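> Structure below; questions to follow.
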Ligand code: GDP
Ligand code: MN
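Residue numbers (the working numbering): 59 to 436.
Structure below.
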């Protein structure tokens, strides 16, 4: 589960990491009122999960409450990475002198959490040359030692009080990482403002499998109705930023579907893994929810096993008949009762591909054509 920035920052604050003064708003009036209350220049930040938000216009600076209102108006009417902006974080604007990167990820090679730090902050870490990224491997038995962080802050060229603050923040971030069962924790930029070090942006991904021991985690409710309902159905759903809604069964098939799409130059907008053995009703509801996210194309890739192809086909035909599937459908069926499934689809004027690469290629073509419907989708 990836948290929205405001949730991630609340969690950082719980662990003693300094964050800017801020308020979450969902309307223009609230944005104006907040800017007025704060009485200083503010930043409005679209709360969306896709990366590159700043570049997409999701960060707006406002000197006055009136401008904050105008910005809020624009942001709340916009889409970023295919998702409508519904929530804004209004923050007092920081006077940033330097921007650093600080993150903790799990390194699968050493099977350990690793701190990553760079003096090149505020840009995506993937674009930073490796020689400018400094790392410290954490032994989970002992935790992150200050001497490890001292070495990193020295490598980053930070000294004095700021260095000690960065070290303390990293140690707090690791405490959070462990206690909250995070998979990824990132502060980018970690900002030096005068003599204060502040988390200006934050990203946190928590391990869904640990939810049972974290009653205080933010509610999935906050991920919108779709995420909440899909979680209730016991299926896994991940919102992304592309054009194609993906429904597949099984984690492996889902990943393969996304890879195939990427190979043909299309990006998934979200994916839904209906798992092995989801029944027809559950899958039908999941498909309708997926369709309601307004994708350009829906790609269904099901390998019939416990879930039989004929059942899947009937589910798709029913959903199509109910009129909720507006985007063109591309279907790939293979496995148990494949021929029966194909017959059911054909009787309803739908086609299914045999191979994933054919289906992914077709989906990518349809995205290129702006999602215009055609024969292969009925
Ligand atoms: P992202 O694009 O989603 O990573 O959004 P960020 O919250 O990281 O903001 C992007 C960039 O905007 C930062 O790296 C900063 O350069 C700038 N920025 C964000 N908030 C502030 C702020 O309060 N003051 C100043 N001066 N710059 C900011
Ligand atoms: Mn950022």
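Glycine residues also receive a C-beta, built at the ideal position from the N, C-alpha and C atoms. This one's a predicted model, so the numbers in the text were calculated from it and none came from an experiment.
Keeping to the same chain, check which residues put their C-beta closer than 7 Å to that of residue 347; ignore five residues upstream and five downstream.
Result list for residue 347: 284, 287, 288, in chain order.
> For the alpha helix (DSSP H) containing residue 253, list its first residue and its last residue.
No alpha helix (DSSP H) holds residue 253; DSSP gives it neither H nor E.
> With hydrogens ignored, establish whether the beta-carbon of residue 247 is closer than 7 Å to any heavy atom of ligand 2.
Checking the Cβ of residue 247 against ligand 2 gives yes.
> Are the CB atoms of residue 390 and residue 422 nearer to each other than 8 Å?
Not closer than 8 Å, so no.
> From residue 405 to residue 427, what distance separates their C-alpha atoms?
Cα-Cα distance, rounded: 26 Å.
> Using only the alpha-carbon positions, how far apart do residue 214 and residue 155 sit?
For residue 214 and residue 155, the distance between alpha carbons rounds to 15 Å.
> With which residues is residue 411 paired in a DSSP beta bridge?
The partner list for residue 411 (beta bridge, DSSP) reads 390.
> Any idea which residues DSSP pairs residue 141 with across the strands?
Residue 141 is bridged to 138.
> Assign residue 321 to one of two classes, buried (16 or more other C-beta atoms within 10 Å of its C-beta) or exposed (fewer than that).
Burial call: exposed.
> For residue 336 and residue 210, what's the separation of their Cα atoms in angstroms?
If I take the Cα positions, the gap works out to 48 Å.
> Which class does residue 165 belong to by DSSP, given the choice of helix, strand or coil?
Strand at residue 165.
> Out of 312, 374, 319, which one is the CA nearest neighbour of residue 419?
If we check each option's Cα against that of residue 419, 319 comes out closest.
> Is any non-hydrogen atom of ligand 2 found closer than 7 Å to the C-beta of residue 259, if you look at the structure I gave you?
Answer for residue 259: yes, Cβ within range of ligand 2.
> Check whether the stretch 240–248 and the stretch 191–209 touch, using three or more Cβ-Cβ pairs below 8 Å as the test.
No: fewer than three Cβ pairs fall under 8 Å.
> My understanding is that residue 252 touches residue 153, with C-beta atoms under 8 Å, so please give their C-beta distance in whole angstroms.
Going by Cβ atoms, the distance from residue 252 to residue 153 rounds to 7 Å, so yes, they are a contact pair.
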